[in-house]
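Residues 33 to 198 (this note's numbering) are what the sequence shown spells out, left to right. Read through the structure below, which is laid out as C-alpha cells, and then see the notes.
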Amino acid sequence: MISDFDILLLILYLILFDLEIRYSLDEVEDVAKKLIKSVNSKTLLLYGNMGVGKTTLIKAMAKVLGSHDEVSSPTFSIVNEYELDQSSIYHFDLYRINDIEEAYNFGIEEYLYSKNWSIIELPDIVKDILPDHFNRIDLVLNDDNSRTLKLSINQKNKSNLLEKHD
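In C-alpha cells form, the structure reads like this:
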C-alpha cells in the first residue's frame with residue numbers, strides 16, 4: 033500500500049518532470065536537444081497524427097545524438113537503424129503491425145532491451161512488453177502550424193504506482 037506521502041511525491045513528480053514545448057519546425061533541432069536532455073530513458077513512445085512532424089523530430093534527434101545516417105519513416109520496413117558512435121537508434125513505425133505476434137516475429141524484444149535508443153511510433157500494440165522505464169512524447173499540430181510536444185516521464189512506473197494505491 034502506498035502512503036499519502038508517496039502519492040504527494042508522485043504528484044510533484046508528475047508536475048515537475050513532464051515537459052511541454054510549443055515550437056515551429058525551424059526550431060526542431062533546439063527542441064530535440066532539450067528533449068534528449070529531459071528524457072530518463074532511451075525508450076521513447078511517439079504519438080501524433082500523420083503529418084505532425086514525428087519523422088522530422090526523429091531526424092533532429094538523430095542528428096543531435098551524432099548520427100550521420102539518412103533518417104526516413106519506417107512505415108514499410110517497420111524498423112530503421114541509425115548508427116551512433118557507441119550505439120544505435122532503432123526507429124519503429126508500428127502502423128502496419130496487426131498484433132503482438134507480428135512484433136515478436138521481427139524480434140521487437142531484442143531491440144527494446146538492447147540498451148540502444150528505441151523510438152517507437154504508434155506503440156500501443158507493444159505496450160505490454162515495454163521496459164519499465166520509458167518516456168511518452170505526444171505531438172500536436174496547432175492551428176498556427178506550430179507544434180506542441182508533451183513529454184511524459186516513466187508512464188509505466190506512474191501507472192503502476194497509481195494502481196497500487198487504489
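By construction, the Cβ of each residue, glycine as well, lies at the ideal position given by its N, Cα and C atoms. This one's a predicted model, so the numbers in the text were calculated from it and none came from an experiment.
Going by other Cβ atoms of all chains shown within 10 Å of its Cβ, with 16 needed for buried, is residue i buried or exposed?
| i | result |
| --- | --- |
| Glu-52 | exposed |
| Tyr-145 | exposed |
| Ile-140 | buried |
| Asn-112 | buried |
Return helix, strand or coil for residue i, following the three-state DSSP convention.
| i | result |
| --- | --- |
| Leu-77 | strand |
| Thr-107 | coil |
| Glu-52 | strand |
| Ser-99 | coil |
| Ser-70 | helix |
| Asn-167 | strand |
| Ser-161 | Residue 161 is actually Ile in this sequence, not Ser. Looking at Ile-161 - three-state DSSP - the assignment turns out to be helix. |
| Ile-185 | strand |
| Asn-137 | helix |
| Asn-192 | The pLDDT assigned to Asn-192 is 48, lower than 50, so where the model puts this residue is not dependable; a value taken from the coordinates is nonetheless given after this. Reduced to three states, the DSSP call for Asn-192 is helix. |
| Met-82 | coil |
Hey, residue i and residue j are a contact pair by Cβ (cut 8 Å); roughly how many whole angstroms apart?
| i | j | result |
| --- | --- | --- |
| Asp-101 | Tyr-114 | 4 Å |
| Leu-14 | Asn-81 | Residue 14 lies beyond the range of the chain shown here (33 to 198); nothing can be said about it. |
I'd like to confirm the pairing. Which residues does DSSP put opposite residue i in its beta bridges?
| i | result |
| --- | --- |
| Phe-124 | Val-111, Ile-152 |
| Thr-180 | Arg-54, Val-172 |
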